[in-house]
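Residue numbers (our numbering): 128 to 416.
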């Protein structure tokens, strides 16, 4: 394979999705004028080094919000109704008729309470998809007012109150020093007996050992997880062996439309930059001058 530094050596514009744009890559690209990253968070780009060189880093915020919203709804339904477990058993030739029993079957969403931890763009958009199911929607976010939440159809709660009231808790917070491990043993213990936990946000938000304990003990009925503390998780990771867990390999934000949207977004901004028009999305705006 060709190294990124070789591809970018004589480039004026470098467009990437996941390829690393390191300090060394930037140093090897003397004519580089702009870096475009087709994702919301350009974690694969050394933004500090680009800024020092006066190179703006264009990004595509919210490119995959719709994909995550739809995927989150899918995980909620899959976990609450045991769809993944039923499929896994039947694909192995096992007809699990006992899943029809009252004590084994899942729960309908209608009439339940869901708590959204973090109320940014994805959680806000998710509300409109949850409302037709007849769910009561609670939300926690210290940076969003009760009036803003109410206007979208959610009721503001403090975190402890939300955890104690929700039948389903869905995580949508950003990773910051304050939110790393925000869902730990205390928080899982505060959740209702028999509640479900959904995470399509980020792995570092969760203490997975504490989550395992809450699931293995039966305190939580189940969990659906798309993100993990270590990716990929080791094959012998205890959570993977639990029967009341639905897992997917960090694909909530992946769809054909999100890829097309990201490429279109950065292409428009690169064109604006090259023709000296205002750039809509840039993570280091000081470099634009």
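Beta carbons are placed, not taken as given, at the ideal position from N, Cα and C, and that holds for glycine.
DSSP state of residue i mapped onto helix, strand, coil
i           : result
residue 310 : strand
residue 403 : coil
residue 265 : strand
residue 288 : helix
residue 221 : coil
residue 138 : coil
residue 349 : strand
residue 333 : strand
Same chain, Cβ closer than 7 Å to residue i, neighbours up to 5 away in sequence not counted
i           : result
residue 146 : 131 and 171
residue 367 : 360 and 374
residue 254 : 264, 279, 280 and 281
residue 257 : 241 and 264
Start-to-end residues for the alpha helix (DSSP H) that takes in residue i
i           : result
residue 178 : 174–179
residue 409 : No alpha helix (DSSP H) holds residue 409; DSSP gives it neither H nor E.
residue 320 : Element bounds for residue 320: n/a, residue is neither H nor E.
residue 193 : 192–207
residue 182 : Element bounds for residue 182: n/a, residue is neither H nor E.
Close beta carbons around residue i, own chain, < 6 Å, minus the five adjacent residues each side
i           : result
residue 396 : 185, 406, 407 and 408
residue 271 : 246
Pick from the options that is closest to residue i, judged by C-alpha positions
i           : options               : result
residue 428 : 187, 294, 394 and 287 : With the chain covering 128 to 416 only, the question about residue 428 has no answer from this structure.
residue 379 : 173, 178, 139 and 198 : 198
residue 261 : 153, 236 and 250      : 236
residue 440 : 309, 364, 144 and 370 : In this structure the chain extends from 128 to 416, so residue 440 is not present and cannot be described.
residue 390 : 400, 168 and 142      : 142
residue 301 : 285, 322, 250 and 277 : 250
residue 207 : 416, 144, 415 and 296 : 296
Residue i - containing beta strand (DSSP E), residue span
i           : result
residue 373 : 372–374
residue 297 : 295–298
residue 241 : 240–244
residue 161 : 161–164
residue 167 : Looking at the DSSP string, residue 167 is not in any beta strand (DSSP E), and its letter there is neither H nor E.
Own chain, CB closer than 8 Å to residue i, minus 5 neighbours either side, in chain order
i           : result
residue 204 : 210 and 236
> Three or more C-beta pairs closer than 8 Å, one from the stretch 156–176 and one from the stretch 340–347: is that the case here?
Replying inline: No, the stretch 156–176 is not in contact with the stretch 340–347.
> With contact counted as at least three CB pairs below 8 Å, one residue from each stretch, are the stretch 215–231 and the stretch 188–206 in contact?
Replying inline: At 8 Å Cβ cutoff, the stretches do not touch.
> For the 8 Å Cβ check, are there 3 or more pairs between the stretch 241–250 and the stretch 299–319?
Replying inline: By the Cβ criterion, the stretch 241–250 is in contact with the stretch 299–319, since at least three pairs of Cβ atoms, one from each stretch, lie closer than 8 Å.
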